[in-house]
DNA sequence: ACGATGATGAAC
DNA sequence: TTCATCATCGTA
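Numbering (our numbering), first residue to last: 15 to 191.
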């Protein structure tokens with residue numbers, strides 16, 4: 015049985031949610047076509063103090079979704095070309111989100127949204143079957159040994175403390191090393 | 001190693 | 001209104 019992850023899953027400490035998202039299924043439906051991809055790589059962006067997070071400069075038009083309820087999509091454009099897909103975590107008023115960097119065979123957040131044709135129209139929408147983009151638990155448990163923690167990518171500007179935080183979680187199968 | 005490519009936020 | 005800066009990727 016697969017169950018759709020809802021607010022009670024996302025509304026917890028961001029790094030915990032991020033780690034638990036590994037192995038969950040990202041589901042994307044366009045009409046009759048359904049794509050199911052197990053999540054393999056994520057990054058946590060947590061709270062006002064996190065200098066790598068968009069939220070650290072306060073509430074803005076772009077990042078306001080991060081301040082809202084958990085379980086909503088935060089989608090934005092970087093480098094003029096690629097949309098980044100994030101799921102909002104934490105309580106309302108507490109800005110946090112998790113960037114989905116890879117799922118299935120796809121590695122890289124830009125490639126993921128390009129492959130699925132996910133765009134900013136989903137920004138601020140609730141992850142649900144009705145929307146056509148959601149995450150569900152198919153009962154897969156990823157062994158701790160297969161989870162690799164490391165610093166986040168592309169956030170050197172955040173200063174040593176935040177740039178070095180191990181908020182990146184990668185599901186590395188035992189078969190490869 | 002670097003350019004593409006455009007929204008964003010802050011300065012002026 | 002202008003400017004530097006990006007949670008990146010493909011090509012070289």
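Built from N, CA and C at the ideal position, the CB exists for glycine as well.
Excluding the 5 residues flanking residue i on each side, which residues of the same chain have their C-beta closer than 7 angstroms to its C-beta?
i: residue 156; result: 36, 37 and 185
i: residue 6; result: Examination of residue 6 is not possible in this model, given that the chain is present from 15 through 191 alone.
i: residue 64; result: 70 and 176
Can residue i and residue j be called in contact, C-beta distance under 7 angstroms?
i: residue 169; j: residue 66; result: yes
i: residue 24; j: residue 84; result: yes
i: residue 101; j: residue 32; result: no
i: residue 40; j: residue 129; result: no
i: residue 17; j: residue 151; result: yes
Going by DSSP in three states, residue i sits in which element: helix, strand or coil?
i: residue 157; result: coil
i: residue 209; result: Outside the shown range of the chain (15 to 191) lies residue 209, about which nothing can therefore be said.
i: residue 88; result: strand
i: residue 80; result: helix
i: residue 139; result: coil
Can you give me the Cβ contacts of residue i inside the same chain, cut-off strictly under 6 angstroms, excluding the 5 residues immediately before and after it?
i: residue 127; result: 97 and 99
Report all residues from its chain with a CB closer than 8 angstroms to the CB of residue i; omit the five preceding and five following residues, and keep chain order.
i: residue 164; result: 180, 182 and 184
i: residue 167; result: 57, 115 and 182
For residue i, which option in the options has the closest C-alpha, if you only look at C-alpha atoms?
i: residue 138; options: 49, 103 and 116; result: 103
i: residue 95; options: 62, 70, 78 and 131; result: 131
i: residue 43; options: 149, 159 and 88; result: 149
i: residue 107; options: 18, 69, 135 and 51; result: 69
i: residue 161; options: 21, 20 and 29; result: 29
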